[in-house]
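Read the sequence shown against this note's numbering and you will find it ends at 676, with the numbers running on by one and no gaps.
C-beta: ideal position from N, C-alpha, C; glycine also.
Take a look at the structure set out below.
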Amino acid sequence: MIKVVIADDEKRFRLYMEKVLDWEALGFTICGIASNGEQVLEIVSETKPDIALLDINMPKMDGLVLTEKLKTISPDTYVVFITGYSEFEYARKALKLGVCEYLLKPFSKEELGKVMMKLKETILKKKEEEKRNLYHRKVTLEEMLNKTMQLEAEDREELLEYRERLMQLGISLDAPYYEVSITELEKLGEKEIPKEDWRLWLFGIRNILEELGEREGKDQILFQNYEGHLVSLWKLKSREELKELQDLLKKFCSLTESLLGISVTVGVGSPAAEFYAIPSSYNKAMLALQNKFVFGTSRVISYEEAENRNQKADFYRLELNEQLLGYLRKNDREKVEGTLALVKQEMVEQQYSADYATAAIMGILSVCLSYIVEMKGDIGEILGEHFSPYQSLGNMHSLEESFQWLSKIFRTTTDYFRKPHSKRAEQIIEDVEGYIREHYSDFELTAGSVSEAVFLDISYIRKIFAKYRGCTIQDYIITVRMQAAKEKMEQQKYSVSEIAEACGYLDAGYFSKCFKKYYQVSPRQYVNQLQNGKNQE
140 MIKVVIADDE KRFRLYMEKV LDWEALGFTI CGIASNGEQV LEIVSETKPD
190 IALLDINMPK MDGLVLTEKL KTISPDTYVV FITGYSEFEY ARKALKLGVC
240 EYLLKPFSKE ELGKVMMKLK ETILKKKEEE KRNLYHRKVT LEEMLNKTMQ
290 LEAEDREELL EYRERLMQLG ISLDAPYYEV SITELEKLGE KEIPKEDWRL
340 WLFGIRNILE ELGEREGKDQ ILFQNYEGHL VSLWKLKSRE ELKELQDLLK
390 KFCSLTESLL GISVTVGVGS PAAEFYAIPS SYNKAMLALQ NKFVFGTSRV
440 ISYEEAENRN QKADFYRLEL NEQLLGYLRK NDREKVEGTL ALVKQEMVEQ
490 QYSADYATAA IMGILSVCLS YIVEMKGDIG EILGEHFSPY QSLGNMHSLE
540 ESFQWLSKIF RTTTDYFRKP HSKRAEQIIE DVEGYIREHY SDFELTAGSV
590 SEAVFLDISY IRKIFAKYRG CTIQDYIITV RMQAAKEKME QQKYSVSEIA
640 EACGYLDAGY FSKCFKKYYQ VSPRQYVNQL QNGKNQE
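If you want it as structure tokens, here you go:
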């Protein structure tokens, strides 16, 4: 409902405006009625109405002064002046102060209705636009945060770029310490969470974590990662707050179970003393979370705790999981196989128990599944609709057999992402070509910048583009630029240097060489041909 405040010093006119329209049926609600300017300001301060219908001449405050004060309290409120004939010119001047409409007394039901419906349309359009902008900001923010977490500390230039983009989105990143925690939903009581209810429960636990963080005075940036986990980037003022954060997260686990009846597990990374170390904290939080197969669920697991436990229990090195994920991203099957063999060797040497071996293998498998989700793949399509890792692993009788099964899963995954798939490839090509057509004038446009823009590995999109378009991405960039250059020349109103710059070339001489190589004629010759043809006409 759109909120309206009515103000007039004449009682009969206030009653007229209150009764003349069926406000509710038209989508309005009257949030206050006032007889003077002071009452108006009180109502506006409390209710922040969308529209204020104000008589110009009321006791205690001039109409223009009232409008000015009202706009200070509620700048988005639309003001409609109600005026007599003698004040008509006065009302017109008021339009310059933010008064959007005026009504001349006496006005009919139709006149009032016309003004209100016009404002209603304006307000609803504005609210819809704000809603779209808010959604776009949320999506952009989550994408930026997820891309940041995928980087390494060595990628300082890219991290700095993402930091600046995040700050442009209103995110403050100047804390002395950072720490990442990752929350995963487990069970609803003793039952698995139905897929169709998952988003609803995620929303509920997100609210608990947000409110708890605010209550405890802990600043966090909360977002969802590609795997569907809740990720918190905590901004801490001192090292003492690190211990306090552990206590807060334990309280969070208890609250979700007591309030919602749902269990969650939280992995916590190591502290980061600078922004560049945040991705490392994220990776360690993910590794800590993967160790729930050893530590159990419905609890907080820190990376340090997992490392200490693993060292005491001679658990295989956690950095091997990071290596596996890195090799998957590069689609390096040989190194994936080599790393799996290394993990198996360490497990044999450490004489793992059956429980430890099962937990370790499930942790390794989760790396592969996380990669599939990260690549926006469908686990059922890649590994089969009836893929059931717990059941399959339960049927294994030896470590060797288990690793053969595990190797097959990784091999199937790398094979899948090595070859293009028609529907997915079409979408990727459409995204790539669309981005190039929109940004061909960018001097720094390259295959690498295109791959970053569409959030895909450069070698992967190069392979798809070559197969389905028969050319390289760079060739396509040149084609788009040359076609644009030719079109601009045909308009005969730009110089060669202007066309070069508009088509992404800093050096007009280099542009001329490229143009001649592409069209077998120099820009100058082509322009002359156009002019000669025009003269002959």
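Thinking C-beta only, is residue j closer than 8 Å to residue i?
i, j, result
"Pro418", "Met288", "yes"
"Ile83", "Gly171", "Within the shown structure, residues of the chain are numbered from 140 to 676, placing residue 83 beyond reach of any answer."
"Gln363", "Glu281", "yes"
"Phe650", "Ala641", "no"
"Val144", "Val204", "no"
"Gln613", "Ala586", "yes"
"Tyr510", "Leu464", "yes"
"Met501", "Pro528", "yes"
"Glu444", "Ser546", "no"
"Val593", "Ile603", "no"
"Asp148", "Asp194", "yes"
"Met621", "Tyr658", "yes"
"Glu297", "Leu290", "yes"
"Leu312", "Arg302", "yes"
"Pro315", "Ser377", "yes"
"Tyr607", "Ile548", "no"
"Val219", "Glu240", "yes"
"Val512", "Tyr365", "yes"
In whole angstroms, what is the alpha-carbon distance linking residue i and residue j?
i, j, result
"Thr478", "Tyr421", "22 Å"
"Glu379", "Ile360", "20 Å"
"Val506", "Arg345", "24 Å"
"Glu86", "Gln664", "In the structure displayed, the chain extends from 140 to 676; residue 86 sits before or after that span and is not available."
"Gly519", "Ser541", "20 Å"
"Lys451", "Ala499", "Low local confidence applies: a pLDDT of 48 at Lys451 is under 50, so the model's placement there is unreliable, and no value is given."
"Lys652", "Asn285", "41 Å"
"Glu637", "Gln668", "19 Å"
"Ile521", "Ile597", "22 Å"
"Val635", "Val238", "50 Å"
"Lys515", "Lys382", "36 Å"
"Asn671", "Val619", "26 Å"
"Ile347", "Gly406", "17 Å"
"Ser580", "Trp340", "46 Å"
"Pro662", "Leu375", "59 Å"
"Met283", "Thr222", "52 Å"
"Ala411", "Ser590", "29 Å"
"Gln489", "Gln543", "19 Å"
"Glu350", "Val179", "34 Å"
"Arg456", "Lys483", "11 Å"
"Glu355", "Leu388", "11 Å"
"Ala146", "Lys208", "15 Å"
"Gln631", "Glu583", "27 Å"
"Ala191", "Val159", "16 Å"
"Glu446", "Leu459", "13 Å"
"Tyr217", "Glu325", "49 Å"
"Leu595", "Glu268", "30 Å"
Helix, strand or coil: how does DSSP classify residue i here?
i, result
"Thr287", "helix"
"Gly406", "strand"
"Ser580", "coil"
"Trp162", "coil"
"Phe152", "helix"
"Val475", "helix"
"Ile603", "helix"
"Val204", "helix"
"Val635", "helix"
"Ile141", "strand"
"Ala623", "helix"
"Asp313", "coil"
"Ile440", "strand"
"Lys451", "Any answer about Lys451 is weak, because its pLDDT of 48 lies below 50 and its placement is not dependable; what the coordinates show is given next. It is helical."
"Leu645", "coil"
"Phe650", "helix"
"Leu243", "strand"
With respect to 7 Å, is the separation between the Cβ of residue i and the closest non-hydrogen atom of the ligand MN below this value?
i, result
"Lys210", "This structure does not include the ligand MN; it has no bound ligands of any sort."
Q.
Using a Cβ distance threshold of 8 Å, determine whether the region 381-398 contacts the region 434-443, with at least three qualifying pairs required.
A. Cβ pair count under 8 Å is three or more, so yes.
Q: Specify whether the region 166-176 and the region 196-214 touch according to this definition: at least 3 beta carbon pairs, one from each stretch, less than 8 Å apart.
A: Counting Cβ pairs under 8 Å, three or more are found: they touch.
Q: Examine the Cβ distances between the region 399-409 and the region 467-476 and report whether three or more of them are shorter than 8 Å.
A: Put simply, the region 399-409 does not touch the region 467-476. Fewer than three CB pairs are less than 8 Å apart.
Q) Hey, is the region 205-222 in contact with the region 180-194, meaning 3+ C-beta pairs nearer than 8 Å? A) Enough Cβ pairs lie closer than 8 Å, so yes.
Q.
As an exercise, report each continuous alpha helix (DSSP H) stretch of at least 4 residues that is fully enclosed by the region 479-540, in chain order.
A. The qualifying runs are 493-513, 518-522 and 528-533.
Q | Sufficient close CB pairs (3 or more, under 8 Å) joining the region 367-377 to the region 315-322 | A | Contact between the region 367-377 and the region 315-322 is present, because at least three Cβ pairs lie under 8 Å.
Q.
Give the list of continuous alpha helix (DSSP H) stretches no shorter than 4 residues that lie fully inside the region 340-419.
A. The region 340-419 contains these whole alpha helix (DSSP H) runs: 379-394.
Q.
Check whether the region 242-250 and the region 259-266 touch, using three or more Cβ-Cβ pairs below 8 Å as the test.
A. Flag = no, the region 242-250 and the region 259-266 do not touch.
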